[in-house]
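Let me begin by presenting the structure, written as C-alpha cells, before commenting on it.
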Amino acid sequence: MLLETLLPMFALLGLATLLQTLSGFGFGLMVVSSFTLFGILPLTATTFMVSFLSLFNSISLVVKNTEQINRRAFTIILVSGIPFMAVGYALLEYLSVGMATWLNLLLGLAILSCCGLLLIKRKRTQPSGRAYGFSIAGALGGLLGGLFSTFGPPVVFQCYRQTWPINEIRITLLAVFSVTSLIRLAIIPFGTLPSTEVFLSAVFAIPVILIFTRLGRILAARVSAAAVRLLALTMLALSGVTLIVQNISI
Numbered sequence: 051m052l053l054e055t056l057l058p059m060f061a062l063l064g065l066a067t068l069l070q071t072l073s074g075f076g077f078g079l080m081v082v083s084s085f086t087l088f089g090i091l092p093l094t095a096t097t098f099m100v101s102f103l104s105l106f107n108s109i110s111l112v113v114k115n116t117e118q119i120n121r122r123a124f125t126i127i128l129v130s131g132i133p134f135m136a137v138g139y140a141l142l143e144y145l146s147v148g149m150a151t152w153l154n155l156l157l158g159l160a161i162l163s164c165c166g167l168l169l170i171k172r173k174r175t176q177p178s179g180r181a182y183g184f185s186i187a188g189a190l191g192g193l194l195g196g197l198f199s200t201f202g203p204p205v206v207f208q209c210y211r212q213t214w215p216i217n218e219i220r221i222t223l224l225a226v227f228s229v230t231s232l233i234r235l236a237i238i239p240f241g242t243l244p245s246t247e248v249f250l251s252a253v254f255a256i257p258v259i260l261i262f263t264r265l266g267r268i269l270a271a272r273v274s275a276a277a278v279r280l281l282a283l284t285m286l287a288l289s290g291v292t293l294i295v296q297n298i299s300i
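Numbering (this note's numbering), first residue to last: 51 to 300.
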C-alpha cells in the first residue's frame, strides 16, 4: 500500500483511538466515517480493520476484570445481537456491490442517529433494567455491528441508564465489544475477504493503536472529558452530514 495512503490512515486511526480513550466511545464510528469520507479504503475493508484493531483496546482489560461483567446483561445483549449481526453483514455485502451511494447514505444517517442517541440525557432505571431493553439494544447494535462494525451506541445508551458502578458498565461494554469484534471477524470468510495489503496495514497499525491509547490515558487527567465528548460528537455529526450531502443526487 502506498505511503500516501498509509500516513493518513495511521493519522486517522491515531485520532480515533485518542478520542475513544478520552471520551469512552466512538472508535468504530470515527474510523468508518473518516475512511469513507476521504476514500482511504472500501467500506468492507474498513469494517474488517475496525473489528481487528478494536480487540487491542479491550481484550486485555476484560480478561483482568471478568468479575465486573454484568453477566445477565452481557448474555441478553449477545443472544439478541448476534443474529442481527449476520443480517447487517449480509446487507453490507449486498449494498457494497453496485449500490455504494445508498450504502454511504445509510452510513451518514446511521452516524447522525448514533450522535443523537449519545446526546440524549440518560434517565437511570431500576438496577439491571428490564430484559427487553437490553434485547432491543442488542438487536440494534447487532445490525449496526454487521453493517458498519459499530456495535456500540444503542448498547452504550442502555447500559449507562443502569444504576451499576461505572467500572461494571465499562467492563461489561468492553466485554460485549470484544466478543462482537471476534464474531464479526469470524463471519468475514462468508463475504468479501480483505486483501493481503489491508491485512498487513491492520497489523502495522497495532503499534499506532497502543501508542495513542497510552497517550490518551496520560492526557485523561488533564483535559475535560465533556469537551472531548463534544468534539467527538461534532466531528461525527459533520462527517455524517457530509456523507449525506455528497451522495444525494441533485
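Just so it is clear, CB atoms sit at the ideal spot from N, CA and C, and this is done for glycine as well.
Quiz item: Does the Cβ of Tyr144 have 16 or more other Cβ atoms within 10 Å, making it buried, or fewer, making it exposed?
Solution: Exposed is the call here.
Practice problem: Under 6 Å Cβ to Cβ from Gly158, same chain only, skipping five residues before and after it: list those, please. | Solution: Cβ neighbours of Gly158 beyond the five flanking positions: Gly290, Leu293 and Ile294.
Practice problem: Answer with buried or exposed for Ser83, where buried requires no fewer than 16 other C-beta atoms within 10 angstroms of its C-beta. | Solution: buried
Self-check item: 7 Å Cβ cutoff met for Thr246 and Thr94
Solution: no
Exercise. Let me know if Pro239 comes out buried or exposed under the rule of 16 or more other beta-carbons within 10 Å of its beta-carbon.
Key: exposed
Quiz item: Applying the criterion that 16 or more other CB atoms from any shown protein chain within 10 Å of the CB defines a buried residue, is Ile300 buried or exposed?
Solution: For Ile300, the pLDDT reaches just 45, beneath the cut-off of 50, and the residue's location in the model is therefore unreliable, although a value from the coordinates is still provided. By the neighbour-count rule (16 or more Cβ atoms within 10 Å), Ile300 is not buried but exposed.
Quiz item: Where do the N-terminal and C-terminal ends of the alpha helix (DSSP H) with Ser73 fall, by residue?
Solution: Leu53 to Ser73
Quiz item: Should Ser130 and Ala189 be called a contact, given that it needs their Cβ atoms to be closer than 7 Å?
Solution: yes
Quiz item: Rounded to whole angstroms, how far is the Cβ of Val81 from the Cβ of Ala66, which I believe are closer than 8 Å?
Solution: 5 Å
Exercise. Determine the contact status of Val113 and Ala225, defining contact as a CB-CB distance below 7 Å.
Key: no
Practice problem: For Ile90, count neighbouring C-beta atoms within 10 Å of its own C-beta (all shown protein chains included) and say buried if the count is 16 or more, exposed if not. | Solution: buried
Self-check item: Of the listed residues Pro244, Val229, Thr151 and Arg122, nearest to Ser110 (C-alpha basis)
Solution: Shortest Cα-Cα distance from Ser110 to any of Pro244, Val229, Thr151 and Arg122 involves Val229.
Quiz item: Alpha carbon to alpha carbon, what distance is there between Ala271 and Gly183?
Solution: 33 Å
Exercise. Count the other CB atoms, across all protein chains shown, that sit within 10 Å of the CB of Thr97; report buried if there are 16 or more and exposed otherwise.
Key: buried
Practice problem: Give a yes or no on whether the minimum CB-CB distance between Ser245 and chain C is below 7 Å. | Solution: Of the protein chains in the structure, only one exists, and it is not chain C.
Quiz item: By the 10 Å Cβ neighbour count, where 16 or more other Cβ atoms means buried, how is Asn154 classified, buried or exposed?
Solution: The residue in question, Asn154, is buried, as its Cβ has 16 or more Cβ neighbours within 10 Å.
Self-check item: Residue range of the alpha helix (DSSP H) that includes Ser228
Solution: Ile216 to Ala236
Self-check item: Per-residue DSSP class, three states only, for Pro92
Solution: coil
Self-check item: Cβ-Cβ separation, Gly192 to Ile132 (assumed contact under 8 Å), whole Å
Solution: Approximately 6 Å separates the beta-carbon atoms of Ile132 and Gly192; this is inside 8 Å, confirming the contact.
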